[in-house]
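Report on the following structure.
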Amino acid sequence: MSAVLQTFDLSKSFGGITATDHVDFTLAKGARHALIGPNGAGKTTFVNQLTGVLRPSSGRIELMGEDITRLPREARVKRGLARTFQINQLFGTMTPLEMIALVTSERLGRGSHPFRALDRDLELVGQTAEILTRFRIDDIMDRRIATLPYGKQRQIEIAAAFAARPSVLLLDEPAAGVPEAERRDLMQTVAALPDDVSVLLIEHDMDLVFRFATRITVLVNGRVLAEGTPEEMAHDPAVRAAYLGEGAHA
Amino acid sequence: MTVRRTLLGGMLGLALAASTSGFALAQEAVKIGLILPMTGPFASTGKQIDAAVKLFLAREGATHGGRKLEVILKDDAGNADATRRLAQELVVNDKVSVLAGFGLTPLAMATAQIATQAKVPEIVMAAATASITEASPYIVRTSFTLPQASEPMAHWAAKNGVKKVFTVVTDYGPGIDAETSFANTFKEAGGTVESVRIPLRNPDFAPFLQRVSEAKPDALFVFVPSGVGAQFMKQFIERGLDKAGVKLIGTGDVVDDDILEGMGDVALGAITTHHYSAAHDSPANKAFVEAFQKANPGMRPNFMAVGGYDGMKLIAKALDATKGDASGDKLIAAMKGASWESVRGPVKIDPDTRDIIQNIYVRKTQKLGSELHNVEFETIKDVKDPVKARK
Amino acid sequence: MTMPVLETRVRQALFASRRWHPAEIVFWCLAFAAFLLFPRNLLLLNEIAILALFALSLDLILGYAGIVSLGHAAFLGMGAYAAGLLAKHVTADPFAGLLAGMGAAGLLGLVTSPLVLRGTDLTRLMITLGVALILYELANSFSTLTGGADGLQGIMMAPVLGLFDFDIFGRTAYLYSLSVLFLLFLIARRVVHSPFGLSLRAIRDNPLRAAASGVPNDRRLAAVYTLAAAYAGAAGALLAQTTQFVSLDVLDFHRSADLMLVLIIGGAGYLYGGLIGAIAFKLLQDLIASFTPQYWMFWIGLFLVLFVLGGREMIHGAVKAAAARFARLGKGAAR
Amino acid sequence: MLTILFDGIAYGMVLFVLGCGLSVTMGLMNFVNLAHGAFAMLGGYVAVLAMQRLGLPFLASLPLAFLAAALVGVVLERLIYRPMYTKSHLDQVMFSIGLVFMAVAGTDWLMGSTQQFIRLPDWLQGRFEVAGIGIGRYRLFVIVVCGLLAVSLQWGFTRTRFGSRLRAAVDDARVARGLGIPVNRLFALTFALGSGLAGLGGALGIELMGLDPTFPLKFMIYFLIVVTVGGTSSITGPFFAAMLLGVADVVGKYLVPQVGAFIIYALMVVLLITRPHGLFARARA
């Protein structure tokens, strides 16, 4: 199995606090990999460096062998690295259709075109429609995103990331805040992601992690504490002590 | 029967109107479009002129040359685009025969083209940059020009033992006008001049006055827009320049009658040259000031008011001369060379330049009773605008 | 839903947002009809058209890209001086002047765009304000070129297309300004409904997500800022050409502040906001000024306060209701 | 040269008193109150009226200016400002510009458009020299008064219970409310204090900057520069920003009067580009 996303000695500190502490991490092709850790372990900081929201203090990030440490955010997306956010980051005034159309048009390189009409672009229309069906949001595609229920918004969050056709997809707590009733839908969505997409899941919900992940990395205080299969992690004494032992999931 | 009679009367009237224009003209008022900054930073100019125009109509009657004067007041807030549009609308929609007012140079300039195109006289009652009357053959001025007021100052200073002058002017058209005409004249008379210009938006004069204080001149020549004059004077005193023996000289703008009282004693002793002071010693002026203050309690007429009053006077005189014919070319012809006894003294419209010829007075700010006034002590007779006179 | 059906629906939904609404057609017909309906007010109408174009420019950056600006007058002034100077020294052709105005202002926009890409709304307000103030002082200082406080005099324009002379009644002026406004509006309308326009809305709604969706935020913002600057420059050029005069006032702070008011009154983010706001603002100003020349500022202020405090919902509600009625009428007529 | 530095400091001090109220209200309520200058103008006019009509001495008119502006501030805050807190920045800007327009036209109507003046008591007029430095008495007075104010504000902000509550509320109003801090009352008090300071600054500034109905428009830019450059989360930020602007403006105009007009604007733009969150802002997530 080859690596699609790797970090080498990645560190980030804010003032005196080290949020990411010399992390070497590898995401394999087609992986279903979970990144877990207690609150404040530095998971989101880590993802933010991967996607370019934060600039690392030192170290290197490679996407399919290419050094992307200094690339701007949108350039990483173009190279196949997409993400969702822990708190929904949607285009509130748009419809789901428009939002997916936007991501698709950027991926097709249409974004800087000032005159072309969106509906005349058949390639864009086709690919947008395909995403809408895949994520079962075609029935609500005309409504303003801000007016939709939270669970639906969560779906759109994932759909929008997926519409960028990433080879690596980072899901930052996709189930956070989703009410029980809408949770199943979401689980299905995540489970149904195609195999050629490598997924890194950052999650608190151990149910979801153990159901979904084939590999788990445990991050504590910005450092990689342990890594292995779910089986190994569940029985690793250090992990249990540092994390699971604290009482299942908070 | 009645219907037929009125119909007949109407037709008769029409026929008469067509044959003798005089008859119809007498029926119809001559409209004067008065455009002034009534709001914004230059509102005080507008208010003075507006008050003076109203006073003129009240004192000297609204009918001249057999026709009634009707004034339409518009506010341009000191904004040149608005002035231009208002002028255009007044000409096109209200069919005014005369445009008047114009508180600032750009406002007068912006309207010049309209005056030319529509052949409507433009009476400049306030703006003072020398070149204005050259912008259109229909512009006539009843205020003054800055060189007209500042060159006599240079002569007076040179004659009265001043060798070195520091000029401080606001960095805009009129300020630069005042600076150049003063400096050139004073240098010709053998003096030396140093100059500094103040930005338009400037709250604190300290840095400029400090330069003056270090240069130790005999006199400081100042031109600032009339609103900030007081500020300047106060800081002049605060810095102790008066005690250091620096004379404060300038055109009358800085000791504007409108705000002189509020300035307080800091203004005392300032020597200025100007064409009008509310303290001008003549019976006509006394009556004028009294009537003005009666109609506008708490206001003292300043040079803007006189420009407005004389502007109306000029229109009235021209209408008298044309016997009520308000066509632009005739009015302008009648205005050229017109002369009368203004409250500021004798004035005449220069037939060549359409600019005003008037006495310039050297004044000193003093206390008259409990009030501060600019008391005239020397008169330079019949001063033409020196810039155009040299051409 | 089968794919072909869905694709059709997607196309229709995307088309719906750029379809011409009957009310829009009525709006433009009225704008051109105003030429015949109000022959006495062409000068005011001309000013409205120019202000509308200026407001359209602000709407492009504020309504569509979320960039606030208190210094938009910088571009208006740049366009006005460029067009005025060109007419005075090079060629009197109106279209050459228009292009020069747009070009000069657009260039200024491009150069200053890095300044507005960073920071909060407040920083942007201040930086744009600062740029406009600096430009104002520059124009005042270079008085040999610009005429300084006396204004740029002696602009003579050639007839539009060599046929229509600028007359004192403002006939040519209004039709010329309105035509330019209409043309630039059409372009703006295409732009905001293009993929580029969609990406601007994305940045406005959520810059974080926009970048995560592959949108190069900075470049797009710089592009629209430049475009808006060119539009404001066009408004400035029209102002200079139709009044044949440029004063320092075009760069003054109150221009930028008034412009904000215009857009707030009309509502930002749907292109017509600036146009409707310009009409309302100018009519209001004219109306109040004719009642009380001294104190119109007070009434404008009161209007604004009440408007923000709660009147906006009422007015916009009324406008929407009227538009809906128009739409129904339009559809009825079509059938 | 030192004289000019002294002048600049006095000028900066007035700017600080005028602007610091704005920076606190902006930080606390996240409200862009462009009408701040209107309160300053109110204070100025109250001082003028107190001296001209009531014949009060200058020193007595200063607290009056403070009180009047503070009172009007608190009333307006209760009545019309409060609903604005939840609206967008843009609405707030529009709203307060509307207030400015009303204040300008209203003052013009009530008081006339001319410049207003006050007569300083004799002991504040003129100047004296210390080691070759000319010192204006009034400027010295301004520096002393404003300096004391700045020190006591800083003390009040960092050392008193009111101050610590205020800081908590500036950091996060929601959390502060949760901790039982009466945020609404705090808002009203702060607003009153800020307006009162503006009023006092307006009264002190009459001698240095003049006073007429267009005051709020003319000086809006200066206040905003102080606030944006100084940041909104402390007293020291606006203080140093005001000092910097005052000194840079005065000294710059003295040394190179040709570019005098550009200095503060250029300074503002440069500062904002290099420090977009203010000179002394804490890093915020």
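Residue numbers (the numbering used here), protein chains in the order written: chain L, 362 to 611; chain R, 425 to 815; chain W, 1463 to 1797; chain Y, 26 to 310.
Beta carbons: idealized from backbone N, C-alpha and C, even for Gly.
Contacting residues, own chain, Cβ-Cβ under 7 Å from residue i (five flanking each side not counted)
{"i": "glycine 37 of chain Y", "result": "Ala267, Met268, Leu270, Gly271 and Val272"}
{"i": "threonine 463 of chain R", "result": "Asp499 and Ala501"}
{"i": "aspartate 503 of chain L", "result": "Thr456 and Leu458"}
{"i": "glycine 1736 of chain W", "result": "Ala1514, Ala1517, Leu1518, Leu1520, Asp1521, Val1724, Leu1725 and Gly1728"}
{"i": "alanine 1696 of chain W", "result": "Leu1515, Gly1541, Leu1560, Gly1563, Met1564, Val1642 and Leu1646"}
{"i": "threonine 1688 of chain W", "result": "Gly1568, Gly1571, Leu1572 and Ser1575"}
{"i": "alanine 715 of chain R", "result": "Leu479 and Arg483"}
Classification of residue i by the beta-carbon crowding that lies within 10 angstroms, buried from 16 upward
{"i": "tyrosine 596 of chain R", "result": "buried"}
{"i": "valine 200 of chain Y", "result": "exposed"}
{"i": "arginine 184 of chain Y", "result": "exposed"}
{"i": "phenylalanine 447 of chain R", "result": "Low per-residue confidence applies at phenylalanine 447 of chain R: pLDDT is 44, beneath 50, and the placement is therefore not dependable enough to give any value."}
{"i": "valine 295 of chain Y", "result": "exposed"}
{"i": "tyrosine 726 of chain R", "result": "Note that residue 726 of chain R is asparagine in the sequence shown, not tyrosine. Per the 10 Å Cβ criterion, buried."}
{"i": "arginine 565 of chain R", "result": "buried"}
{"i": "threonine 28 of chain Y", "result": "buried"}
{"i": "isoleucine 1512 of chain W", "result": "buried"}
{"i": "tryptophan 1758 of chain W", "result": "buried"}
{"i": "threonine 1464 of chain W", "result": "exposed"}
Per-residue contacts from residue i into chain R (C-beta, under 8 Å)
{"i": "threonine 1705 of chain W", "result": "Asp505, Arg508, Arg509 and Ala534"}
{"i": "isoleucine 1630 of chain W", "result": "Gln512, Val515, Val516, Ile538, Gln541 and Ala542"}
Amino acids of chain W, ordered along the chain, whose beta-carbon sits closer than 9 Å to that of residue i
{"i": "methionine 234 of chain Y", "result": "None at all; the shortest Cβ gap to chain W is about 17 Å."}
{"i": "alanine 823 of chain R", "result": "Here chain R comprises residues numbered 425 to 815, so residue 823 of chain R is not present and cannot be evaluated."}
Residue i: contacting residues in chain Y (beta-carbon distance under 9 Å)
{"i": "alanine 1672 of chain W", "result": "Going along chain Y, no residue has its Cβ under 9 Å from alanine 1672 of chain W, so there is no contact; the nearest lies around 20 Å."}
Per-residue contacts from residue i into chain L (C-beta, under 7 Å)
{"i": "leucine 1572 of chain W", "result": "The contacting residues do not exist; leucine 1572 of chain W stays about 15 Å from chain L at best."}
{"i": "phenylalanine 1647 of chain W", "result": "Within chain L, no residue comes near phenylalanine 1647 of chain W; the closest Cβ sits about 14 Å away, beyond 7 Å."}
{"i": "glutamate 1469 of chain W", "result": "Val486, Gly487 and Ala490"}
Partner residues on chain W for residue i, Cβ-Cβ distance less than 7 Å
{"i": "asparagine 517 of chain R", "result": "Arg1502"}
{"i": "alanine 130 of chain Y", "result": "Tyr1757, Met1759, Phe1760 and Gly1763"}
{"i": "glycine 472 of chain L", "result": "Pro1657, Phe1658, Ser1661 and Val1677"}
{"i": "threonine 253 of chain Y", "result": "Leu1584, Thr1585 and Met1588"}
Supposed close pair residue i, residue j - CB separation, criterion 8 Å
{"i": "lysine 808 of chain R", "j": "aspartate 774 of chain R", "result": "6 Å"}
{"i": "glutamate 765 of chain R", "j": "alanine 813 of chain R", "result": "That belief does not hold up - the Cβ atoms of glutamate 765 of chain R and alanine 813 of chain R are roughly 23 Å apart, past 8 Å."}
Contact list for residue i against chain R, beta-carbon separation under 7 Å
{"i": "aspartate 1612 of chain W", "result": "Thr529, Pro530, Met533, Thr553 and Gly597"}
{"i": "tryptophan 1761 of chain W", "result": "None at all; the shortest Cβ gap to chain R is about 11 Å."}
{"i": "alanine 1751 of chain W", "result": "Asp499"}
Per-residue contacts from residue i into chain Y (C-beta, under 7 Å)
{"i": "alanine 501 of chain R", "result": "Going along chain Y, no residue has its Cβ under 7 Å from alanine 501 of chain R, so there is no contact; the nearest lies around 11 Å."}
{"i": "glycine 1592 of chain W", "result": "Tyr290, Met293 and Val294"}
Chain-order list of residues whose beta-carbon lies under 6 Å from that of residue i (same chain, five-residue window excluded)
{"i": "alanine 443 of chain L", "result": "Ala522, Ala525, Pro527 and Leu530"}
{"i": "leucine 431 of chain R", "result": "Low per-residue confidence applies at leucine 431 of chain R: pLDDT is 46, beneath 50, and the placement is therefore not dependable, though the value from the model is reported in the following sentence. Nothing listed; no residue qualifies."}
{"i": "aspartate 237 of chain Y", "result": "Gln140"}
Sequence-distant residues of its chain with Cβ nearer than 8 Å to residue i (five each side left out)
{"i": "alanine 1800 of chain W", "result": "Past the edges of chain W, shown from 1463 to 1797, lies residue 1800 of chain W, and the structure says nothing about it."}
8 Å Cβ cut-off: residues of chain W touching residue i
{"i": "arginine 434 of chain L", "result": "Ala1673 and Ala1674"}
{"i": "phenylalanine 496 of chain L", "result": "Simply none; closest approach about 13 Å."}
Distance cut-off 7 Å: residue i Cβ against heavy atoms of the ligand MG
{"i": "serine 1639 of chain W", "result": "Absence of the ligand MG is noted for the structure shown, with no ligands found whatsoever."}
Within chain R, the residues that residue i reaches when beta carbons sit closer than 9 Å
{"i": "asparagine 1602 of chain W", "result": "Asp595, Tyr596, Pro623 and Leu624"}
Which complete beta strand (DSSP E) runs does the stretch 680–724 of chain R hold, if anything under 3 residues is left out? 695–698
Output needed in chain order: residues of the stretch 593–626 of chain R with a Cβ under 9 Å from some Cβ in chain B. No chain B is present in this structure, whose protein chains are L, R, W and Y.
Along the chain, which unbroken stretches of the beta strand (DSSP E) at least 3 residues long are found entirely within the stretch 456–499 of chain R? 491–499
Just to confirm the assignment: which complete alpha helix (DSSP H) runs, minimum length 4, are found wholly within the stretch 510–592 of chain R? 529–542 and 570–583
Kindly provide the ranges of any alpha helix (DSSP H) runs that are 4 or more residues long and lie completely inside the stretch 1701–1760 of chain W, ordered along the chain. 1715–1728 and 1734–1753
Could you name each continuous alpha helix (DSSP H) segment of 4 residues or more that falls completely within the stretch 1615–1664 of chain W, going from the start of the chain to the end? 1633–1654
Which ranges would you report for the alpha helix (DSSP H) in the stretch 196–260 of chain Y if only whole runs of at least 4 residues count? 198–203, 208–234 and 240–255
Inside the stretch 469–555 of chain L only - alpha helix (DSSP H) runs reaching at least 4 residues: The alpha helix (DSSP H) runs of length 4 or more contained entirely in the stretch 469–555 of chain L are, from start to end of the chain, 483–495, 511–524 and 541–552.
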